[in-house]
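K.L.:
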Amino acid sequence: PTERTLVLVKPDGVRRGLSGEILRRVEAKGYTLVAVELRTAGDDVLAAHYAEHEGKPFYAPLVDFMKSGAVLAVVAEGHRVIEGFRSLAGTTDPTTAAPGTIRGDLGRDWGLKVQQNLVHGSDSAESAAREIALWFPAL
Ligand code: CMP
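Residue numbers 7 to 145, in UniProt numbering, belong to the letters of the sequence shown in order.
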């Protein structure tokens, strides 16, 4: 069965001009783009999006970072796209993420309070449904 995931190109990715490269990798893997929208995230969306991280030391810097510039919100579709995109993205820390992945090829630690790791991808079917409803209520 086909599934959908929410991908975000975070402000560091948009600022560095990597949106096209990241979308290219998603499409090259064979997934379909269902929705793509450049937008500035507000506190309400980010609080809901990162509810599971509330209270962690990096939460406030994370929300500030996510508000620091435009975000490219994307819904991608395909068989096993949720785990497929996580695999394309690589592990959280871009310094040690495997080469060949988005984070491993294009990201690194800039010595800041928050790991600026270029992309977000939903981590489960439940998260994907919740996040797609949050970012694209019309879908
Ligand atoms: P992601 O896994 O997409 O969602 C949570 C984000 O919080 C993560 O990417 C990083 O951007 C950031 N993050 C997670 N863990 C840490 C950490 N230990 N220190 C700083 N930032 C973090």
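Just so it is clear, CB atoms sit at the ideal spot from N, CA and C, and this is done for glycine as well.
In this text, all values refer to a predicted model and were calculated from it rather than measured experimentally.
#1: Under 6 Å Cβ to Cβ from GLY113, same chain only, skipping five residues before and after it: list those, please.
#2: In three-state terms, what does DSSP make of PRO105?
#3: Below 6 Å CB to CB, which residues in the same chain sit around ASP115 once its five sequence neighbours on both sides are set aside?
#4: How far does the beta strand (DSSP E) with SER78 in it reach, from first residue to last?
#5: Below 8 Å, is the gap between the Cβ of PRO7 and the nearest heavy atom of the ligand CMP?
#6: Going by beta-carbon coordinates alone, are VAL81 and ARG45 separated by less than 9 Å?
#7: Going by DSSP, what residue range makes up the alpha helix (DSSP H) through ALA53?
#8: Go ahead and pull the three-state DSSP assignment for VAL120.
#9: Going by DSSP, what residues sit across from HIS126 in a beta bridge?
#10: Determine, using beta-carbon pairs with one atom in the region 84-93 and one in the region 9-16, whether at least three such pairs fall under 8 Å.
#11: Indicate the three-state DSSP secondary structure (helix, strand or coil) for ALA41 in the structure shown.
#12: How would you write the range of the alpha helix (DSSP H) that PRO67 sits in, first residue to last?
#13: For GLY127 and PHE91, which I take to be in contact (beta-carbon distance under 8 Å), what is that distance rounded to the nearest angstrom?
P.N.:
Looking at the coordinates:
#1: PRO100, ASN123, LEU124
#2: strand
#3: THR101
#4: Per the sequence presented here, residue 78 reads as Leu, with Ser not at that position. Segment 77-85, the beta strand (DSSP E) holding LEU78.
#5: no
#6: no
#7: 49-55
#8: coil
#9: LEU14
#10: yes
#11: strand
#12: 65-72
#13: 4 Å
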